[in-house]
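Notes follow once the structure below has been shown.
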Amino acid sequence: MAINYIYPEFDVIRDPNRCITCRICERECSNGVHIYDADRKTLRADETKCVDCQRCVATCPTRALKIVKNTCALRENENWHENSIKEIFKQASSGGVLLSSMGAPNPLAVYWERILLNASQVTNPSIDPLREPMETRVFLGRKPSKITRRPDGTLDTTLAPQLELETPIMFSAMSYGSISYNAHASLARAAQELGIFYNTGEGGLHEDFYQYGAHTIVQVASGRFGVHEDYLNAGAAIEIKMGQGAKPGIGGHLPGAKIVGDVSKTRMIPEGSDAISPAPHHDVYSIEDLRQLVFSLKEATRYQKPVIVKVAAVHNIAAIASGIARSGADIIAIDGYRGGTGAAPTRIRDNVGIPIELALASVDKRLRDEGIRNDVSLVVGGSVRNAADVVKAIALGADACYIATAALIALGCHLCRTCQTGRCNWGIATQRAELVKRLDPDEGRRRLVNLLTAWRYEIMEIMGGMGINSIETLRGNRSMLRGVNMTSKELEILGIAHAGE
Amino acid sequence: MQREGQVRIPSGCAISAMISTTGARMTGETIVKSMIPMHDRSNGLGGGFAGYGIYPEYREFYALHVFFDDPSAQYECEKYLKEGYEIVKSESIPIRKIPEITDVPIIWRYFVAPLASVLSRLQLDEHEFVARTVTKINSQFRGAYVFSSGKNMGAFKAVGFPEDVGRFYRLEEYAGYSWTAHGRYPTNTPGWWGGAHPFALLDYSVVHNGEISSYDANRRFIEMFGYRCTLQTDTEVIAYIADYLLRRQGLTLEELASVIAAPFWSELDASESVESSSRAYLRKVFPSLLLTGPFSIVLGFTGGVMALNDRLKLRSMVTASNRDVHYIASEEAAIRAMDPDARNVYSPAGGEPVIIKVEEGAY
Numbered sequence: 000m001a002i003n004y005i006y007p008e009f010d011v012i013r014d015p016n017r018c019i020t021c022r023i024c025e026r027e028c029s030n031g032v033h034i035y036d037a038d039r040k041t042l043r044a045d046e047t048k049c050v051d052c053q054r055c056v057a058t059c060p061t062r063a064l065k066i067v068k069n070t071c072a073l074r075e076n077e078n079w080h081e082n083s084i085k086e087i088f089k090q091a092s093s094g095g096v097l098l099s100s101m102g103a104p105n106p107l108a109v110y111w112e113r114i115l116l117n118a119s120q121v122t123n124p125s126i127d128p129l130r131e132p133m134e135t136r137v138f139l140g141r142k143p144s145k146i147t148r149r150p151d152g153t154l155d156t157t158l159a160p161q162l163e164l165e166t167p168i169m170f171s172a173m174s175y176g177s178i179s180y181n182a183h184a185s186l187a188r189a190a191q192e193l194g195i196f197y198n199t200g201e202g203g204l205h206e207d208f209y210q211y212g213a214h215t216i217v218q219v220a221s222g223r224f225g226v227h228e229d230y231l232n233a234g235a236a237i238e239i240k241m242g243q244g245a246k247p248g249i250g251g252h253l254p255g256a257k258i259v260g261d262v263s264k265t266r267m268i269p270e271g272s273d274a275i276s277p278a279p280h281h282d283v284y285s286i287e288d289l290r291q292l293v294f295s296l297k298e299a300t301r302y303q304k305p306v307i308v309k310v311a312a313v314h315n316i317a318a319i320a321s322g323i324a325r326s327g328a329d330i331i332a333i334d335g336y337r338g339g340t341g342a343a344p345t346r347i348r349d350n351v352g353i354p355i356e357l358a359l360a361s362v363d364k365r366l367r368d369e370g371i372r373n374d375v376s377l378v379v380g381g382s383v384r385n386a387a388d389v390v391k392a393i394a395l396g397a398d399a400c401y402i403a404t405a406a407l408i409a410l411g412c413h414l415c416r417t418c419q420t421g422r423c424n425w426g427i428a429t430q431r432a433e434l435v436k437r438l439d440p441d442e443g444r445r446r447l448v449n450l451l452t453a454w455r456y457e458i459m460e461i462m463g464g465m466g467i468n469s470i471e472t473l474r475g476n477r478s479m480l481r482g483v484n485m486t487s488k489e490l491e492i493l494g495i496a497h498a499g500e
Numbered sequence: 000m001q002r003e004g005q006v007r008i009p010s011g012c013a014i015s016a017m018i019s020t021t022g023a024r025m026t027g028e029t030i031v032k033s034m035i036p037m038h039d040r041s042n043g044l045g046g047g048f049a050g051y052g053i054y055p056e057y058r059e060f061y062a063l064h065v066f067f068d069d070p071s072a073q074y075e076c077e078k079y080l081k082e083g084y085e086i087v088k089s090e091s092i093p094i095r096k097i098p099e100i101t102d103v104p105i106i107w108r109y110f111v112a113p114l115a116s117v118l119s120r121l122q123l124d125e126h127e128f129v130a131r132t133v134t135k136i137n138s139q140f141r142g143a144y145v146f147s148s149g150k151n152m153g154a155f156k157a158v159g160f161p162e163d164v165g166r167f168y169r170l171e172e173y174a175g176y177s178w179t180a181h182g183r184y185p186t187n188t189p190g191w192w193g194g195a196h197p198f199a200l201l202d203y204s205v206v207h208n209g210e211i212s213s214y215d216a217n218r219r220f221i222e223m224f225g226y227r228c229t230l231q232t233d234t235e236v237i238a239y240i241a242d243y244l245l246r247r248q249g250l251t252l253e254e255l256a257s258v259i260a261a262p263f264w265s266e267l268d269a270s271e272s273v274e275s276s277s278r279a280y281l282r283k284v285f286p287s288l289l290l291t292g293p294f295s296i297v298l299g300f301t302g303g304v305m306a307l308n309d310r311l312k313l314r315s316m317v318t319a320s321n322r323d324v325h326y327i328a329s330e331e332a333a334i335r336a337m338d339p340d341a342r343n344v345y346s347p348a349g350g351e352p353v354i355i356k357v358e359e360g361a362y
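Top to bottom, those sequences are chains A and B.
Residues in the first sequence are numbered consecutively from 0, following numbering that gives the first Met the number 0.
Residues in the second sequence are numbered consecutively from 0, following numbering that gives the first Met the number 0.
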């Protein structure tokens, strides 16, 4: 037998005094970590399969289980980190590209954490959101550059199609296929209740979810899965996915094993066939091609829906965004380096793209320098983790934020980062019926609504402290931000002053 | 210490205004008096006035009031002005030397008309051309600052208490159909003459009491359209917003008020009137021009004034009238100082514009 070079990452600690051998852990673990030993009438564990998703811990009725990081360690090396060595072991064993899930976990600059917010003292009053109106409504879409009047002198109030959000947060694209039916149902129901939008991702729209169309953004990606006229007209907006923060420049691959039943039907591809999204759209090799696609989609929907173009934050993002703004798009969505994914090559995820904070700041500035900021709205995602991140993003210049990882965590995801295996014990990133049913869509809806309700309260509290009672005047209000632990260049790109200035 | 414009300066203040709806011309003496009971609302770091109808003999010409740090700055600026304008009169603005006002710069005024040949070459109307000239001088010419640029109106301002500034500029010698006044209480300025109020562009002038929390959102939006906020004060950005919405977008004063002190969505949602849908439309189109935080402003323009409070009314402001003369001030005491018999004292609601216009043809 070949030697396994990789010692298990986690230890499964079972307290024998607490364990009542109920075998729930055994049933709950789709990875087969917990094994019942009939002879000894005890449970034992195969740690090699453990991904630390915490499902067994959460479901153990006697709290007999703990998953901890294995202390067995390689000899310390500041150059050859343990992870680097283990990746080589894996590749030497498999000969393949390393795959990962969710956002990049490495300790690269998280600028949100180096930005601090302002509050009113003395010279102007803070505003108490419990006593005064505090407005968080925003409209996404193109705004006219010139006011026009009808012959009788009244304002001509026709406006390009807009998305109206009660809170400037939306659920970002996650396809049906990469996540489960119940996860989609949770997102759709929550979006409807919250007065916001969720996003189909590139896997089409299940016929059961057409009823949530007014709160749905339908996505058109390079694979064009599930795209047809009814689909385009079913949503409130259409998003062209040009790129994704977790894997800029490359396409996607949903294994045939996941293309079963309704997933196959919704994607309009045969069961068991791999769903390959090409790296580029093969009808978009240039900015003028993008313009044609934007207008094809507008034609197909009679100019009733705003078109979003989603791109990954890459080096030249400001110029790219400027081009998109001039291509007829109504909204630009930018996905940052730390954005999540259901599966991406590790090297791509951890090395390609730039942090969303810097991308957002430079795009907002470029669009203003060119006088076209009003032609488009900006939506940013790629690791927006809490209400403070949202406030900072909006003050840097975003109209709204996309969240996906945070939404999945609300649904029970524990960020074990093994979505690509399809064995999600929380019923989220899986198509196995017995796992999917673990996620109750109504409970999921409730938790998502709770999360965003809580964030909205926090946003209002922060705004009130700044003396701002409408989110419109927080947008691009960079004087409300100060940086700490940053170089002059970083501050210059973010367009903010250092704390103390 | 950084100069004004390099650092953002919040300030509290006193404002007042008076206007005759029949266009009767009143000397500047009365408006100066209004600032005396509000002395404690200023701290001696800025005061100023704007008078409308004060230059009837030059009503066809733009009156540029300019501060120069030194003669070389004036020389450079005049050289530039001559490229685009006919200068019909160039003179020092008369002052009274008083101990309360010190560090006096060169204070000059020019009555000018843009050269028709230049306008046709640039394909600009004369207002736009003058606005661009002012922006260029204030952002690019060292040691020169244009603080008033309208027709038949003028702003007068300095570092000092407003009642002293009024005496310094000999305002009793001017007569106008409307006047606005300002006393400043900045919290961290070294005191620069250009930073005092009113802030004026073309014939729009703004006096303002408050500290808007929306400043940088407003600034970054308005700078897309060629304006340069060189002072980093609320008043400056409000003046540019007024110019942009009124002159360039053609909004009415009521519509302007509806943008900068927008009604709450809850109010708009509850109404199905045409007016509500127009106001909702403006709110959707100009979200970045909403002003939040406390303010009371008086916007002066040719033939009228508009007073407006922030939508929560976080700053005091009252109005009153006596026959054809209407008064606006931070405190009723200031109105009493102008006219002890003023009646109809009224405290406008947050976001409720008070617009007073001179009868057509009377100015």
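The C-beta atom is built at its ideal place from N, Cα and C for all residues, glycine as well.
Would you say Ser-147/B reaches chain A, if we count a Cβ-Cβ gap shorter than 8 Å as a contact? Reading the second sequence from its first residue, position 148 is the one you call residue 147/B. No, Ser-147/B lies away from the interface with chain A (no Cβ there is under 8 Å from its Cβ).
Beta strand (DSSP E) containing Tyr-84/B: first to last residue? The residue you call residue 84/B lines up with position 85 of the second sequence. 84–91 is the span of the beta strand (DSSP E), which, as asked, contains Tyr-84/B.
Nearest-angstrom Cα distance between Ile-492/A and Ala-360/A? Walking along the first sequence from the start, residue 492/A turns up at place 493. Walking along the first sequence from the start, residue 360/A turns up at place 361. Roughly 7 Å between the two C-alpha positions.
Just confirm the distance between the C-beta atoms of Asp-69/B and Gly-209/B, as a whole number of angstroms; I'd bet it's less than 8 Å. For the purposes of this step, residue 69/B is identified with residue 70 of the second sequence, where counting begins at 1. For the purposes of this step, residue 209/B is identified with residue 210 of the second sequence, where counting begins at 1. Incorrect: roughly 34 Å between the Cβ atoms, too far for contact.
Best match in Leu-288/B, Glu-171/B, Phe-66/B, Tyr-239/B for proximity to Ile-470/A [C-alpha to C-alpha]: Here residue 470/A refers to the residue found at position 471 of the first sequence. Ranking the options by Cα distance to Ile-470/A, first place goes to Leu-288/B.
Opening and closing residue of the beta strand (DSSP E) in which Trp-454/A lies: Along the first sequence, read from residue 1 onward, the residue named residue 454/A stands at position 455. Counting along the chain, Trp-454/A falls outside any beta strand (DSSP E), though it belongs to the alpha helix (DSSP H) covering 440–465.
Beta-carbon proximity of Gly-215/A to Ser-174/A, cut-off 8 Å: Position 216 of the first sequence, counted from the start, is the residue given in the question as residue 215/A. Position 175 of the first sequence, counted from the start, is the residue given in the question as residue 174/A. Residue identity differs from the one stated: residue 215/A is Thr in this sequence, not Gly. Against a cut-off of 8 Å, the Cβ pair of Ser-174/A and Thr-215/A comes out as no contact.
Identify the contact partners of Tyr-214/B in chain A, using a Cβ-Cβ distance below 7 Å as the criterion. Within the second sequence, numbered from 1, the residue matching residue 214/B stands at position 215. Residues of chain A passing the Cβ test: Ser-478.
Quickly, what does DSSP pair Cys-412/A with across the bridge? List them, please. Residue numbering aside, residue 412/A sits at position 413 when the first sequence is read from its first letter. Cys-412/A pairs with nothing; no bridge assigned.
Look at Gln-243/A and Gly-341/A and say whether their C-beta atoms are less than 8 Å apart. What you label residue 243/A is simply residue 244 of the first sequence in a count that begins at 1. What you label residue 341/A is simply residue 342 of the first sequence in a count that begins at 1. Cβ atoms of Gln-243/A and Gly-341/A: not closer than 8 Å.
Would you tell me roughly how many angstroms separate the C-alpha atoms of Ala-44/A and Arg-416/A, rounded to the nearest one? Position 45 of the first sequence, counted from the start, is the residue given in the question as residue 44/A. Position 417 of the first sequence, counted from the start, is the residue given in the question as residue 416/A. Answer to the nearest angstrom: the Cα atoms are 21 Å apart.
Among Ser-329/B, Tyr-226/B, Tyr-144/B, Ser-272/B, which residue has its Cα nearest to the Cα of Cys-76/B? As a position in the second sequence, residue 76/B is number 77, starting the count at 1. The option with the nearest alpha carbon to Cys-76/B is Tyr-144/B.
Is it right to say Leu-200/B is buried, meaning 16 or more other beta carbons lie within 10 angstroms of its own, or is it exposed? Here the question's residue 200/B lines up with position 201 in the second sequence. Under this definition Leu-200/B is a buried residue.
Find the nearest neighbour of Lys-356/B within the set Asp-124/B, Gly-22/B, His-207/B, Phe-48/B, judged by alpha-carbon distance. Working through the second sequence from its first residue, we reach residue 356/B at position 357. Considering only alpha carbons, the answer is Gly-22/B.
Could you check which residue in Phe-224/A, Gly-102/A, Ala-57/A has the C-alpha nearest to that of Ala-403/A? Taking the first sequence and counting its residues from 1, one reaches residue 403/A at position 404. The shortest Cα separation from Ala-403/A among Phe-224/A, Gly-102/A, Ala-57/A belongs to Gly-102/A.
Leaving out five residues before and five after Gly-194/A in sequence, what residues of the same chain have Cβ atoms less than 6 Å from its Cβ? For this step, residue 194/A is matched to residue 195 along the first sequence. Closer than 6 Å at Cβ, skipping near neighbours: Glu-165.
What would DSSP say about Pro-150/A, mapped onto helix, strand or coil? Residue mapping note: residue 150/A aligns to position 151 of the first sequence, counting from 1. Residue state, collapsed to three classes: coil.
Of all the options His-252/A, Ala-278/A, Glu-163/A, Cys-418/A, which has the alpha carbon lying nearest to the alpha carbon of Tyr-280/B? One-based indexing of the second sequence puts residue 280/B at position 281. Looking at the Cα atoms, Glu-163/A is the closest of the given residues.
From this set, Met-465/A, Pro-254/A, Asn-232/A, which residue's C-alpha is nearest Asp-127/A's C-alpha? Here residue 127/A refers to the residue found at position 128 of the first sequence. Comparing Cα-Cα distances from Asp-127/A to each of Met-465/A, Pro-254/A, Asn-232/A, the minimum goes to Met-465/A.
Using a Cβ-Cβ cutoff of less than 7 Å, which residues in the same chain neighbour Cys-59/A once the five nearest sequence positions on both sides are dropped? As a first step, residue 59/A must be located in the first sequence, where it is residue number 60. Around Cys-59/A: Ile-23, Cys-24.
Identify every residue that forms a DSSP beta bridge with Ala-278/A. Here residue 278/A refers to the residue found at position 279 when the first sequence is read from its first residue. For Ala-278/A, which the question treats as bridged, DSSP gives no partner whatsoever.
Quickly, what does DSSP pair Glu-201/A with across the bridge? List them, please. By one-based count along the first sequence, residue 201/A stands at place 202. According to DSSP, Glu-201/A bridges with nothing at all.
Backbone secondary structure at Met-0/B - three-state DSSP: Residue 0/B sits at position 1 when you count from the first residue of the second sequence. Legend: pLDDT at Met-0/B = 49, less than 50; position of this residue unreliable, no value from coordinates given.
What does Tyr-280/B touch in chain A if you count any residue whose Cβ is under 8 Å from its own? For this step, residue 280/B is matched to residue 281 along the second sequence. Within 8 Å Cβ-Cβ: Leu-154, Thr-156, Leu-158.
Limits of the beta strand (DSSP E) - the one that Phe-198/B falls within: The residue labelled residue 198/B in the question sits at position 199 within the second sequence. Run containing Phe-198/B: 198–200, per the beta strand (DSSP E) assignment.
What does a CB cutoff of less than 6 Å around Thr-234/B pick up in its chain, not counting 5 residues either side in sequence? Locating residue 234/B in the second sequence gives position 235, counting from the first residue. Cβ neighbours of Thr-234/B beyond the five flanking positions: His-196, Phe-198, Val-205, His-207.
Give me the chain B residues within the contact set of Phe-142/A, using Cβ-Cβ distance strictly less than 9 Å, ordered along the chain. On the first sequence, position 143 is the one that residue 142/A refers to. The question names Phe, but residue 142/A in the sequence shown is Lys. By Cβ distance, chain B contributes Lys-283, Val-284, Phe-285, Pro-286.
Within 8 Å, strictly: CB atoms of Ala-332/A and Val-293/A: Stepping through the first sequence from its first residue, residue 332/A is reached at position 333. Stepping through the first sequence from its first residue, residue 293/A is reached at position 294. No, these two residues do not count as a Cβ contact at 8 Å.
Taking only beta carbons into account, state which residues of the segment 239–253 of chain B come closer than 7 Å to chain A, listed in chain order. Gln-248, Gly-249, Leu-250
Of the residues Ala-112/B, Trp-107/B, Ile-97/B, Ala-72/B, the one placed nearest Ile-86/B, counting alpha carbons only: As a first step, residue 86/B is located in the second sequence; it is residue number 87 there, counting from the start. Ranking Ala-112/B, Trp-107/B, Ile-97/B, Ala-72/B by Cα distance to Ile-86/B puts Ala-112/B first.
For Gln-120/A and chain B, any beta-carbon pair shorter than 8 Å? As a position in the first sequence, residue 120/A is number 121, starting the count at 1. Output row for Gln-120/A: interface = no.
Interfacial residues, the segment 51–80 of chain B to chain A, with Cβ spacing under 9 Å: none
Chain A residues whose Cβ lies nearer than 7 Å to that of Pro-293/B: What you label residue 293/B is simply residue 294 of the second sequence in a count that begins at 1. Those are Asn-123, Pro-124, listed as they occur along chain A.
Quick check: what's the CA-CA separation for Ile-239/A versus Ala-328/A? Along the first sequence, read from residue 1 onward, the residue named residue 239/A stands at position 240. Along the first sequence, read from residue 1 onward, the residue named residue 328/A stands at position 329. Cα to Cα, the separation comes out at about 9 Å.
Whose C-alpha, out of Gly-31/A, Val-50/A, Thr-20/A, Gln-53/A, is nearest the C-alpha of Asp-38/A? Translated into the one-based positions of the first sequence, residue 38/A becomes position 39. With distances taken between Cα atoms, Asp-38/A lies closest to Thr-20/A.
Residues near Ser-144/A by beta carbon distance below 8 Å, same chain, minus five either side: As a position in the first sequence, residue 144/A is number 145, starting the count at 1. Once the five neighbours on either side are set aside, the close Cβ partners of Ser-144/A are Asn-373, Asp-374.
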